[in-house]
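Number of protein chains: 2
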Amino acid sequence: MDNLIDILSNAKSIAVIGASNKVGRPGYTIMKNLIDGKFEGVIYPINPREEEILGIKAFRNLRDIPSNSIDICIIAIAAHKVPSILKECCEKHAKLAIIISAGFSEVGNRDLEKEILSIAKDCGIRILGPNTAGLMYIPSKLFASIETTPLSGDIAFIAQSGALASIFIEILRQRNLGLSLYLGLGNRIDIDEVDALELALRDSATKSIAMYLEGFKRGREFLKLALEAIEFKPITLLLGGRSRAGSRAIQSHTASLALDTAMVIDILKQYGICVVDTLEDLANVSYAIPRLEPVNGKKVCILTNSGGPSVLATDYIEMMDLEVPELSDSIRNELRKFLPSIAILNNPIDMTAEADYERVYNSLKTLASCRDCDYIVFIYIPTASSPWRDVIDALSDISKEHRNVIAYVGGEDSERMVLELEKRDIPVVTTLKSIATTIRCSYIRAKNIKKVQQYRSLF
Amino acid sequence: MDNLIDILSNAKSIAVIGASNKVGRPGYTIMKNLIDGKFEGVIYPINPREEEILGIKAFRNLRDIPSNSIDICIIAIAAHKVPSILKECCEKHAKLAIIISAGFSEVGNRDLEKEILSIAKDCGIRILGPNTAGLMYIPSKLFASIETTPLSGDIAFIAQSGALASIFIEILRQRNLGLSLYLGLGNRIDIDEVDALELALRDSATKSIAMYLEGFKRGREFLKLALEAIEFKPITLLLGGRSRAGSRAIQSHTASLALDTAMVIDILKQYGICVVDTLEDLANVSYAIPRLEPVNGKKVCILTNSGGPSVLATDYIEMMDLEVPELSDSIRNELRKFLPSIAILNNPIDMTAEADYERVYNSLKTLASCRDCDYIVFIYIPTASSPWRDVIDALSDISKEHRNVIAYVGGEDSERMVLELEKRDIPVVTTLKSIATTIRCSYIRAKNIKKVQQYRSLF
Chain A
4 MDNLIDILSN AKSIAVIGAS NKVGRPGYTI MKNLIDGKFE GVIYPINPRE
54 EEILGIKAFR NLRDIPSNSI DICIIAIAAH KVPSILKECC EKHAKLAIII
104 SAGFSEVGNR DLEKEILSIA KDCGIRILGP NTAGLMYIPS KLFASIETTP
154 LSGDIAFIAQ SGALASIFIE ILRQRNLGLS LYLGLGNRID IDEVDALELA
204 LRDSATKSIA MYLEGFKRGR EFLKLALEAI EFKPITLLLG GRSRAGSRAI
254 QSHTASLALD TAMVIDILKQ YGICVVDTLE DLANVSYAIP RLEPVNGKKV
304 CILTNSGGPS VLATDYIEMM DLEVPELSDS IRNELRKFLP SIAILNNPID
354 MTAEADYERV YNSLKTLASC RDCDYIVFIY IPTASSPWRD VIDALSDISK
404 EHRNVIAYVG GEDSERMVLE LEKRDIPVVT TLKSIATTIR CSYIRAKNIK
454 KVQQYRSLF
Chain B
4 MDNLIDILSN AKSIAVIGAS NKVGRPGYTI MKNLIDGKFE GVIYPINPRE
54 EEILGIKAFR NLRDIPSNSI DICIIAIAAH KVPSILKECC EKHAKLAIII
104 SAGFSEVGNR DLEKEILSIA KDCGIRILGP NTAGLMYIPS KLFASIETTP
154 LSGDIAFIAQ SGALASIFIE ILRQRNLGLS LYLGLGNRID IDEVDALELA
204 LRDSATKSIA MYLEGFKRGR EFLKLALEAI EFKPITLLLG GRSRAGSRAI
254 QSHTASLALD TAMVIDILKQ YGICVVDTLE DLANVSYAIP RLEPVNGKKV
304 CILTNSGGPS VLATDYIEMM DLEVPELSDS IRNELRKFLP SIAILNNPID
354 MTAEADYERV YNSLKTLASC RDCDYIVFIY IPTASSPWRD VIDALSDISK
404 EHRNVIAYVG GEDSERMVLE LEKRDIPVVT TLKSIATTIR CSYIRAKNIK
454 KVQQYRSLF
């Protein structure tokens, strides 16, 4: 059986079973996404009653297709028809079937699901789903999904929910960020979170892995892969079904078993996986983490031009068991050289409103390279007097040498500033609380990288 | 001494001491905000070296102004010059001095602050600040602040931080929402959170009160006013300085004393005040709460067209000690009448992707008026097949009769949908977690309203 990465990288032909001209039907959306995405191989729409689908010649069934091989079959028809269609996919030597159709174990139809799995095993075809929103593999321009199309980016999103993908993609799009791949797991009868993680690990466009899971099918293998990923592709994870009623809800969503959440989260953290609480954090952390050097230390210094936001950031940081320590005299003396006399040299360090290139650059340089600060938080709220482009230049110049600085900007020009920071690949988050979540995750990751490296050196 | 509301409602003349033509100076920003805000009274810029400020005739000093009364003086000059200027404001019978200048108790200059207070007491002038970002009172078109100008709306924002006001205003602006008033408390030597709260209570444009505080000056009076507000103007509060290092940081920000946070939060909740954790929640809750009927019950029903988001919402709701109960057979049978056979009638209730006007309206109506559900959450993620305008019509029609329904929308069209929901005054929040925070606050408020009403009936 081929690896998922090989299948997706080499796909030359796709059949869409249930392709439709009717706006709103899954088979319409998939065809539209494949075409708009400019997939470079051949697309075969299958529809017994249409000559053409969205301008592409349609076939009555798979057997009518002249070629005797089709790489990927996307199935979007009624559940009870899936087994026979899957057999036809096998006859065409398909390597992967993406089963969009719902109506399987999530509504109690376990036998139908078993039947599909047995067909797939017999012919060696991989199955994504059923009850999946599909997949998008951006390096191959393969938008085989009913979900919104993301911008191209470097985050892989693996999720047991298409609707959350849609929200996540929109959160990223507002920041001009995108995905390298999306994989909707659905009921996971074959391809599961481990296969998906492996795909993300092997995919060179992916820098960061964001996941939404409602359960684990192969926990041990998942953790093993997470250790492989730890140095190169940070994993950020949001868990659904953590509450009693939530775990009841996932039964009818993806038929997953409930987790013993506290224990599971504890184990995941021990493998350097960042477990977050919200989709907003998932976006912030998965963007910022790969851009931040994982430093194994808890001391956080805050450099700012404003009071309130830095008070809140300090609260969040300390509540996550990190430290905002008072600064040593030597660092204070150093800072005093280029900060105005009214600047406050406690930590948070308030440069006051007038923060120009020199002040920001020199302050950041001093903090980033000193032993008082493991991580530096830069909080900047533009005021009427602020030359924010100069401030970004300073941040950008520091980030070329020091990767322990994370930025937050807020207020009137913040949207433009965030885009500019992202363009320069600077770790930036969009909520004050995400600052703390991101540093906490980076610190835990660093601790575990160190542990992994120590183990490795034993052999 | 006049009430703040009288001073602000009747202000006919304003002097800006330290008015400037230099872009970036506080005295420039204030002048610009006053002029752009179209203040209808007279503005007197005071500057010893300029003939005009932004096109308005300037005066060398207050005494040169022909009128012998000026209602409001805004002071934006060096701290040590403030006492003598304040005396001149007294001579002109000013009722309120807004002292933007910093450099008082927050940097240890306690004596200077005492001097100001004593002058103010002698002549009966009210003081806002010092070290304040100013105030904006939208009903009087009075933008006496160095902060970003908000859109006009019905939320009052009272804050010990101008930078947070700037972020908060921007969060609201992205949703086309605005403020009725903004009041920056600064060091609170005279006007404090109680005066501010009273102003918001008396102001007819204000429907909801959002606050950021770093401490309380008159806790008992604050709570007394909160009880007065409880039925008509819900209060949502974000506290800064909750951590050890955070409380150190507020010392140099607004010279506030540290709180015993857990105890304080517990007391605030007993008075029906909603204590939130983030600025995003502050925006969501303060918008949604006054539009939601406070129902004294914990049972939450979720109606949705999507799996993952409702799983997460269920988790958040249960984690906040509310319930997502299973539905009774009679409600299930009722819902079965208009929902498709593949719909999932557990709670969350998944209508599946095809949610049209009839299905949404009938389902909401059934849930909103039954005893199984105290609050209804409507989670909608538009898909390629969704007629989202019909869905909003259904929500809108239900909201005319039932005010226990709160909405969340996400994904591709969500920004437009949120704006449309707001236009129709429907309670909507923009993060899944805010759903739970809002309901929790509404429930606690309802419990306390009931308690207050019982006490009242005893007398």
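Protein chains in written order, with the working numbering: chain A, 4 to 462; chain B, 4 to 462. Note that beta-carbon positions come from the ideal geometry of N, C-alpha and C, so glycine has one too.
Query, Result
"Segments assigned beta strand (DSSP E), at least 3 residues, entirely inside the stretch 242 to 301 of chain B", "277 to 279"
"Inter-residue spacing [alpha-carbon to alpha-carbon] between Ile78 of chain B and Ser250 of chain B", "29 Å"
"Below-8 Å beta-carbon distance, Val267 of chain B vs any chain A residue", "no"
"Local conformation of Leu188 of chain B per DSSP, three classes", "coil"
"Residue-level contact to chain A via CB, Asn349 of chain B, 8 Å cutoff", "yes"
"Neighbour-count burial assignment, His256 of chain B, 16 or more Cβ in a 10 Å radius", "buried"
"Inter-residue spacing [alpha-carbon to alpha-carbon] between Asn71 of chain B and Leu154 of chain B", "34 Å"
"Closer than 8 Å to chain A by CB, Lys220 of chain B", "no"
"Interfacial residues, the stretch 430 to 441 of chain B to chain A, with Cβ spacing under 9 Å", "Thr434, Leu435 and Lys436"
"Three-pair Cβ contact test at 8 Å for the stretch 193 to 204 of chain A versus the stretch 128 to 144 of chain A", "yes"
"Under 8 Å between C-beta atoms of Val380 of chain B and Tyr360 of chain B", "no"
"Distance between Leu184 of chain A and Ser207 of chain A (C-alpha atoms, nearest Å)", "11 Å"
"Extent of the continuous beta strand (DSSP E) run through Leu306 of chain A", "Val303 to Thr307"
"Between the CA atoms of Val278 of chain A and Asp269 of chain A - distance to the nearest angstrom", "9 Å"
"Through-space distance from Glu415 of chain A to Ile395 of chain A, alpha-carbon basis", "15 Å"
"Coarse secondary structure for Asp359 of chain A, derived from DSSP in three states", "coil"
"Positions along the stretch 134 to 167 of chain A whose CB lies within less than 8 Å of some CB in chain B", "Ile149, Thr151, Ala162, Gln163, Ser164, Gly165, Ala166 and Leu167"
"Beta-carbon neighbours of Asp214 of chain B, restricted to chain A and to distances below 7 Å", "In the sequence as presented, Asp is not what sits at residue 214 of chain B; that position holds Met. By Cβ distance, chain A contributes nothing, its closest Cβ being about 12 Å from Met214 of chain B, past 7 Å."
"DSSP three-state assignment for Thr32 of chain A, whether helix, strand or coil", "helix"
"Local Cβ density within 10 Å of Pro48 of chain A, reported as buried at 16 or more and exposed below that", "buried"
"First through last residue of the alpha helix (DSSP H) which encompasses Cys2 of chain B", "What is shown of chain B runs 4 to 462, which leaves residue 2 of chain B out entirely."
"Residue environment, Ser331 of chain B, which counts as buried when at least 16 other CB atoms sit within 10 Å", "exposed"
"Nearest to Ala449 of chain B (by Cα), restricted to the options B:Leu182, B:Val45, B:Glu234 and B:Ser388", "B:Glu234"
"Given 8 Å, three or more beta-carbon pairs between the stretch 157 to 174 of chain A and the stretch 295 to 310 of chain A", "no"
"Residue from B:Arg443, B:Ser246, B:Leu306 and B:Pro343 whose Cα sits closest to the Cα of Ile352 of chain B", "B:Leu306"
"Reduced DSSP category for Pro142 of chain B - H, G, I as helix; E, B as strand; rest coil", "helix"
"Residue environment, Ser309 of chain A, which counts as buried when at least 16 other CB atoms sit within 10 Å", "buried"
"Identity of the residues DSSP links to Pro237 of chain B by a beta bridge", "None; Pro237 of chain B has no bridge partner."
"CB of Leu435 of chain A within 8 Å of CB of Pro343 of chain A, strictly", "no"
"Simplified DSSP assignment, three categories, for Phe530 of chain A", "Only positions 4 to 462 of chain A appear in this structure, which leaves residue 530 of chain A out of reach."
"Inter-residue spacing [alpha-carbon to alpha-carbon] between Gln177 of chain A and Val26 of chain A", "26 Å"
"For Met214 of chain B, the three-state DSSP class (helix, strand or coil)", "strand"
"Runs of alpha helix (DSSP H) lying entirely within the stretch 95 to 164 of chain B, each at least 4 residues, in chain order", "113 to 126"
"CB contact check: Thr281 of chain A to chain B, cutoff 8 Å", "yes"
"Near-chain B residues of the stretch 297 to 314 of chain A (beta-carbon distance less than 7 Å), N- to C-terminal order", "Ser309, Gly310, Gly311, Pro312, Ser313 and Val314"
"Under 7 Å from the C-beta of Thr2 of chain B: neighbouring residues of chain A", "What the structure shows of chain B is the stretch from 4 to 462, and residue 2 of chain B is not part of that stretch, so it cannot be assessed."
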